[in-house]
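Participant: Okay, here's the structure, questions in a sec.
There are 2 protein chains.
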Amino acid sequence: MTKKRVTLADVARLAGLSTTAASMILTGRPDTRLSADAHAKVHAAAASLGYRPNVAARALRTDKSRLIAFISDYVATTRFASGLIRGALAAAEEAKHVMLVLETGGEPAREIQALEAALDRQVDGVIFAAMRAREVFVPDLPINVPTVMLNGTSARFPVSVLPDEYRGGEQAVALLKAAGINDGIVLLGHNAEQEAGLFRSESIAQRFAGIRAAMQSAGMTFLAELSCWNWEPSHGYELTRKQLKTARPRAILCLNDRLAFGAYQALGEAGLEVPDDVALVSFDNDELASYLRPGLTTIGLPHEDMGRRAVELLLSDANAPELVTMPIIERGSLPRA
Amino acid sequence: MTKKRVTLADVARLAGLSTTAASMILTGRPDTRLSADAHAKVHAAAASLGYRPNVAARALRTDKSRLIAFISDYVATTRFASGLIRGALAAAEEAKHVMLVLETGGEPAREIQALEAALDRQVDGVIFAAMRAREVFVPDLPINVPTVMLNGTSARFPVSVLPDEYRGGEQAVALLKAAGINDGIVLLGHNAEQEAGLFRSESIAQRFAGIRAAMQSAGMTFLAELSCWNWEPSHGYELTRKQLKTARPRAILCLNDRLAFGAYQALGEAGLEVPDDVALVSFDNDELASYLRPGLTTIGLPHEDMGRRAVELLLSDANAPELVTMPIIERGSLPRA
DNA sequence: TGCATCTGCTAAATGCTTTTAGCAGGGGGA
DNA sequence: TCCCCCTGCTAAAAGCATTTAGCAGATGCA
Numbered sequence: 001m002t003k004k005r006v007t008l009a010d011v012a013r014l015a016g017l018s019t020t021a022a023s024m025i026l027t028g029r030p031d032t033r034l035s036a037d038a039h040a041k042v043h044a045a046a047a048s049l050g051y052r053p054n055v056a057a058r059a060l061r062t063d064k065s066r067l068i069a070f071i072s073d074y075v076a077t078t079r080f081a082s083g084l085i086r087g088a089l090a091a092a093e094e095a096k097h098v099m100l101v102l103e104t105g106g107e108p109a110r111e112i113q114a115l116e117a118a119l120d121r122q123v124d125g126v127i128f129a130a131m132r133a134r135e136v137f138v139p140d141l142p143i144n145v146p147t148v149m150l151n152g153t154s155a156r157f158p159v160s161v162l163p164d165e166y167r168g169g170e171q172a173v174a175l176l177k178a179a180g181i182n183d184g185i186v187l188l189g190h191n192a193e194q195e196a197g198l199f200r201s202e203s204i205a206q207r208f209a210g211i212r213a214a215m216q217s218a219g220m221t222f223l224a225e226l227s228c229w230n231w232e233p234s235h236g237y238e239l240t241r242k243q244l245k246t247a248r249p250r251a252i253l254c255l256n257d258r259l260a261f262g263a264y265q266a267l268g269e270a271g272l273e274v275p276d277d278v279a280l281v282s283f284d285n286d287e288l289a290s291y292l293r294p295g296l297t298t299i300g301l302p303h304e305d306m307g308r309r310a311v312e313l314l315l316s317d318a319n320a321p322e323l324v325t326m327p328i329i330e331r332g333s334l335p336r337a
Numbered sequence: 001m002t003k004k005r006v007t008l009a010d011v012a013r014l015a016g017l018s019t020t021a022a023s024m025i026l027t028g029r030p031d032t033r034l035s036a037d038a039h040a041k042v043h044a045a046a047a048s049l050g051y052r053p054n055v056a057a058r059a060l061r062t063d064k065s066r067l068i069a070f071i072s073d074y075v076a077t078t079r080f081a082s083g084l085i086r087g088a089l090a091a092a093e094e095a096k097h098v099m100l101v102l103e104t105g106g107e108p109a110r111e112i113q114a115l116e117a118a119l120d121r122q123v124d125g126v127i128f129a130a131m132r133a134r135e136v137f138v139p140d141l142p143i144n145v146p147t148v149m150l151n152g153t154s155a156r157f158p159v160s161v162l163p164d165e166y167r168g169g170e171q172a173v174a175l176l177k178a179a180g181i182n183d184g185i186v187l188l189g190h191n192a193e194q195e196a197g198l199f200r201s202e203s204i205a206q207r208f209a210g211i212r213a214a215m216q217s218a219g220m221t222f223l224a225e226l227s228c229w230n231w232e233p234s235h236g237y238e239l240t241r242k243q244l245k246t247a248r249p250r251a252i253l254c255l256n257d258r259l260a261f262g263a264y265q266a267l268g269e270a271g272l273e274v275p276d277d278v279a280l281v282s283f284d285n286d287e288l289a290s291y292l293r294p295g296l297t298t299i300g301l302p303h304e305d306m307g308r309r310a311v312e313l314l315l316s317d318a319n320a321p322e323l324v325t326m327p328i329i330e331r332g333s334l335p336r337a
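Those protein sequences? They're chains A and B, same order as listed. Counted the way full-length UniProt numbering counts, the first sequence spans residues 1 to 337. Counted the way full-length UniProt numbering counts, the second sequence spans residues 1 to 337.
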């Protein structure tokens with residue numbers, strides 16, 4: 001069980017060459033002058049011994065660890081944004097890197113610890129991921145490796161990966177229009193006047209902005225704008241129920257799928273059919289959206305793509321922020337045009 | 001930006017002592033004979049220089065990396081079992097370890113690569129996590145660090161962490177009985193006769209076994225057992241609809257929350273009230289369960305606890321499997337007794 | 001005074017790989 | 001013949017921390 005590790009020296013000895021030669025051959029150096037015979041012998045020896053390099057020793061010498069730190073507030077923790085990790089993991093694997101994941105709960109003390117733990121391990125780069133897109137607190141430690149902000153921004157690190165919410169907002173409105181719905185639309189989750197002083201996140205602000213711009217340029221206005229701070233199913237349910245008592249909308253533009261879920265419940269209770277009586281569009285492409293009947297058409301948060309992109313940017317030393325486009329997931333909650 | 005790292009030698013120099021002394025003091029060795037004065041000087045020097053040990057160098061010498069590998073098939077990837085990671089991450093952090101997460105999609109080639117990547121980095125232990133509890137394939141490589149199976153089992157590694165499904169099954173039945181429901185119960189998701197030759201997983205088999213044992217010892221029988229292989233909302237919906245055409249059950253025991261979700265939809269369409277017309281109990285405590293109205297009472301999968309437990313066992317060199325109890329999450333889908 | 005023991009500390013080896021500097025021998029050109 | 005260059009390879013240093021073995025001086029005891 002506790003066999004000694006086989007080291008490069010063992011390989012070299014078996015091959016009858018120096019460790020220098022073995023190292024050069026196994027790391028695939030290009031400009032070496034070692035003979036084909038030497039190559040063959042070293043590879044054979046390595047294979048027969050089952051040699052695996054000691055990454056710690058290599059890291060010590062080269063200062064490269066093929067390790068990426070993924071530091072997030074709640075991403076791993078919450079099923080909601082886990083697509084970010086999934087994409088990052090996949091891209092890291094393709095680039096033959098490995099990912100250290102650290103969760104901080106958004107607490108500064110833990111953020112410092114996480115970053116220190118990562119830096120101590122000579123990570124080749126760090127990704128700061130936020131569950132909800134926002135200005136992220138980054139501990140004030142010297143970081144001398146590439147850094148990218150995922151689903152968040154930081155004044156200190158310019159390269160970030162965010163969903164293109166503005167266009168997403170526009171698309172939601174476009175979907176309604178394409179379905180022939182021009183009025184009787186209720187916006188569920190936000191009321192510009194009531195929430196005037198409040199700020200959710202830059203990303204959500206973009207979503208609003210895209211929606212409003214598209215509405216305006218199409219000459220459309222909302223029948224009502226229903227505000228609530230938390231976007232949970234129960235709020236969607238209550239707000240929709242209340243709305244139904246005053247005027248039945250032709251469509252509901254929901255600011256996320258959980259609100260839409262609540263709206264479905266209220267609509268169902270009222271005996272209203274989706275999409276014929278009232279249509280819905282929403283945002284996020286939460287798992288829920290596909291469970292609903294009929295399925296909810298929604299502008300998806302491209303978490304997985306974003307995660308991928310983050311490690312790609314990290315590894316390519318990019319230096320500009322990137323917006324990734326939100327996919328339109330058409331299901332059955334809008335009438336066919 | 002690219003300042004040289006400060007090394008132990010720098011600290012020692014500033015403190016006017018040897019690196020030996022600095023090392024001993026900073027690692028907090030117990031039986032050293034260094035003076036209080038020396039301790040103070042070294043700590044002061046380390047603090048003023050912002051010294052951080054080079055983990056690679058330390059790992060090289062000590063063969064300990066304070067790194068745990070979390071190798072899973074689909075856990076990080078799927079929001080479903082992400083609680084496993086969450087718990088593991090939290091426990092690792094408490095134990096001042098850091099977690100490498102690797103995802104394999106259940107593909108042997110990737111599993112080998114993941115394990116090699118982990119072993120190359122001198123991890124102090126590895127956790128093999130499976131999304132669905134099952135006999136897990138573990139690559140046939142020499143592993144000379146503690147290993148625990150999380151939500152799965154392996155003949156090679158005896159220590160595993162599994163949910164106590166048998167008791168969970170019993171509890172679900174007990175809940176029904178406690179609510180005064182003794183008959184008219186349909187089991188949604190499994191039919192013992194029809195699925196005779198089929199095997200889902202040991203864990204699910206335990207769930208069935210617990211249910212049957214409890215039914216039998218209470219002298220109860222099912223009104224019907226509805227079989228379907230995949231436990232998605234749409235199946236729950238269809239099966240429940242069909243059942244409603246022949247006989248209305250007093251209660252539905254759903255094998256997971258997604259099936260229950262589908263059942264709610266069918267019940268709603270039929271104008272039936274939960275829990276007064278028909279009651280439901282289910283398994284998993286999926287996020288969905290709390291969104292339903294009324295909330296779904298369910299026997300939860302204790303993923304987070306399991307994840308925690310896995311790293312605790314790993315770090316304590318345990319050698320026996322462990323069953324973690326499934327919590328009863330009471331919401332509103334059963335009548336109050 | 002002489003010897004053993006303790007106190008407080010350090011030199012040097014060690015872990016494994018990468019990389020720099022350079023060696024030995026053969027061939028070509030003058 | 002002499003010198004230079006090329007080929008194919010290696011010795012040794014470097015990277016940073018931990019750990020073993022042991023040294024110098026002080027103290028205790030007879």
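Cβ atoms here follow ideal geometry from the backbone N, Cα and C, with glycine treated the same way.
Under 8 Å Cβ-Cβ, which residues of chain B neighbour A:Leu188?
Facilitator: By Cβ distance, chain B contributes nothing, its closest Cβ being about 16 Å from A:Leu188, past 8 Å.
Participant: So which residues of chain B does A:Gln122 contact, with C-beta pairs closer than 8 Å?
Facilitator: Those are Asn54, Val55, Ala56, listed as they occur along chain B.
Participant: If we count Cβ pairs, one from each stretch, closer than 8 Å, do we get three or more for the stretch 20 to 28 of chain B versus the stretch 21 to 29 of chain A?
Facilitator: Contact between the stretch 20 to 28 of chain B and the stretch 21 to 29 of chain A is absent, because fewer than three Cβ pairs lie under 8 Å.
Participant: Against B:Ala59, what residues of chain A qualify as contacts under a CB-to-CB distance less than 7 Å, listed in chain order?
Facilitator: Result: Ala56.
Participant: So, does the CB of B:Tyr291 fall closer than 7 Å to a CB anywhere in chain A?
Facilitator: It does; some Cβ of chain A falls within 7 Å.
Participant: Beta-carbon within less than 7 Å of B:Thr2's beta-carbon, same chain only, minus the 5 sequence neighbours each way: which residues are those?
Facilitator: Confidence is the limiting factor: at B:Thr2 the pLDDT is only 43, short of 50, which leaves the residue's position unreliable, though a coordinate-based value still follows. So no residue of the chain qualifies.
Participant: Hey, which unbroken runs of the beta strand (DSSP E) at 3 residues or more fall wholly within the stretch 253 to 312 of chain A?
Facilitator: Complete beta strand (DSSP E) runs here, min 3: 279 to 284, 298 to 300.
Participant: Using a Cβ cut-off of 7 Å (strictly closer), state whether A:Pro275 contacts chain B.
Facilitator: Not closer than 7 Å to any Cβ of chain B, the Cβ of A:Pro275 fails to qualify, so no.
Participant: Hey, quick one: how far does the beta strand (DSSP E) through B:Phe70 stretch, first residue to last?
Facilitator: 67 to 72 is the span of the beta strand (DSSP E), which, as asked, contains B:Phe70.
Participant: Determine the DSSP secondary structure at B:Thr2, reduced to helix, strand or coil.
Facilitator: Because the pLDDT at B:Thr2 is just 43, under 50, the model does not fix this residue reliably, and the value given afterwards should be weighed accordingly. Looking at B:Thr2 - three-state DSSP - the assignment turns out to be coil, as it is neither helix nor strand.
Participant: Tell me the residue span of the alpha helix (DSSP H) that contains A:Gly169.
Facilitator: Run containing A:Gly169: 165 to 178, per the alpha helix (DSSP H) assignment.
Participant: Since B:Pro146 meets chain A, which of its residues come closer than 9 Å, beta carbon to beta carbon?
Facilitator: Neighbours of B:Pro146 on chain A: none; closest Cβ ~12 Å, over 9 Å.
Participant: Tell me which residues share the same chain as B:Arg308 and place their Cβ nearer than 8 Å to its Cβ, disregarding the 5 neighbours each side in the sequence.
Facilitator: Excluding positions up to five away in sequence, the list reads Gly87, Ala88, Ala90, Ala91.
Participant: What residue ranges within the stretch 69 to 123 of chain B form continuous alpha helix (DSSP H) runs of no fewer than 4 residues, ordered along the chain?
Facilitator: Whole alpha helix (DSSP H) segments, 4+ residues: 82 to 94, 108 to 120.
Participant: Cα separation between B:Gly219 and B:Arg167?
Facilitator: Looking at the two C-alpha atoms, the distance is approximately 18 Å.
Participant: Which stretch, first to last residue, makes up the alpha helix (DSSP H) that contains B:Ser217?
Facilitator: Segment 202 to 217, the alpha helix (DSSP H) holding B:Ser217.
Participant: Using beta carbons (cut-off 7 Å, strictly below), is B:Ala117 in contact with chain A?
Facilitator: Taking Cβ atoms only, chain A reaches closer than 7 Å to B:Ala117, which makes this a yes.
Participant: Does B:Val6 have its Cβ less than 7 Å from a Cβ in chain A?
Facilitator: Answer no: the Cβ-Cβ gap between B:Val6 and chain A never drops below 7 Å.
Participant: I'd like to know whether the C-beta atoms of A:Glu304 and A:Gly83 end up nearer to each other than 7 Å.
Facilitator: Result yes, Cβ atoms of A:Glu304 and A:Gly83 sit closer than 7 Å.
Participant: Quick test of the definition: if touching needs 3 or more C-beta pairs under 8 Å, does the stretch 261 to 274 of chain A touch the stretch 209 to 218 of chain B?
Facilitator: Cβ pair count under 8 Å is below three, so no.
Participant: Do the stretch 63 to 74 of chain A and the stretch 32 to 39 of chain A make contact, defined as three or more Cβ pairs closer than 8 Å?
Facilitator: No, the stretch 63 to 74 of chain A does not touch the stretch 32 to 39 of chain A.
Participant: Specify, as a first and last residue, the run of the alpha helix (DSSP H) that B:Thr240 falls within.
Facilitator: Residues 233 to 246.
Participant: With a threshold of 16 other CB atoms inside 10 Å of the CB of B:Thr153, please say whether the residue is buried or exposed.
Facilitator: By the 10 Å Cβ count, B:Thr153 comes out buried.
Participant: Check this for me: beta carbons of A:Gly295 and A:Leu259, under 7 Å apart or not?
Facilitator: Contact: no.
Participant: Name the two residues that bound the continuous beta strand (DSSP E) containing B:Ala318.
Facilitator: Premise fails: B:Ala318 is in no beta strand (DSSP E) and is neither H nor E.
Participant: For the stretch 245 to 268 of chain A, list every residue whose C-beta sits within 9 Å of some C-beta in chain B, in sequence order.
Facilitator: Listed in sequence order: Arg258, Phe261, Gly262, Gln265, Gly268.
Participant: Do you know whose CA, among B:His43, B:Thr147, B:Met131, B:Asp257, lies nearest B:Tyr74's CA?
Facilitator: Closest by alpha carbon: B:Met131.
Participant: Excluding sequence positions up to five away, which residues of its chain have a Cβ less than 7 Å from the Cβ of A:Arg110?
Facilitator: Same-chain partners within the cutoff: Thr104.
Participant: Determine the direct distance from the alpha carbon of B:Glu94 to that of A:Gln194, and round the result to whole angstroms.
Facilitator: Between A:Gln194 and B:Glu94, the C-alpha separation is close to 43 Å.
Participant: Starting from the Cα of A:Ser282, find the closest Cα among A:Lys242, A:Ala320, A:Glu330 and give me that residue.
Facilitator: Comparing Cα positions, the closest option is A:Glu330.
Participant: Return no unless some Cβ of chain B is closer than 7 Å to the Cβ of A:Pro321.
Facilitator: Chain B, which has no Cβ nearer than 7 Å to the Cβ of A:Pro321, makes this no.
Participant: List the residues of chain A that B:Val311 touches, going by C-beta distances under 7 Å, in chain order.
Facilitator: The premise fails here: B:Val311 is roughly 13 Å from chain A at the closest Cβ pair, so nothing lies under 7 Å.
Participant: Would DSSP call B:Ala251 helix, strand or coil?
Facilitator: DSSP places B:Ala251 in strand when its eight states are reduced to three.
Participant: A:Ser48 by DSSP, collapsed to three states: which one?
Facilitator: Helix at A:Ser48.
Participant: If you drop the 5 nearest sequence neighbours on each side, which residues of the same chain put their C-beta closer than 7 Å to that of A:Cys228?
Facilitator: Around A:Cys228: Gly189, His235, Leu239.
Participant: Closest to A:Val98 by C-alpha separation, out of B:Asp10, B:Ala279, B:Phe80, B:Ala117, would be which residue?
Facilitator: Nearest of B:Asp10, B:Ala279, B:Phe80, B:Ala117 to A:Val98, Cα basis: B:Ala117.
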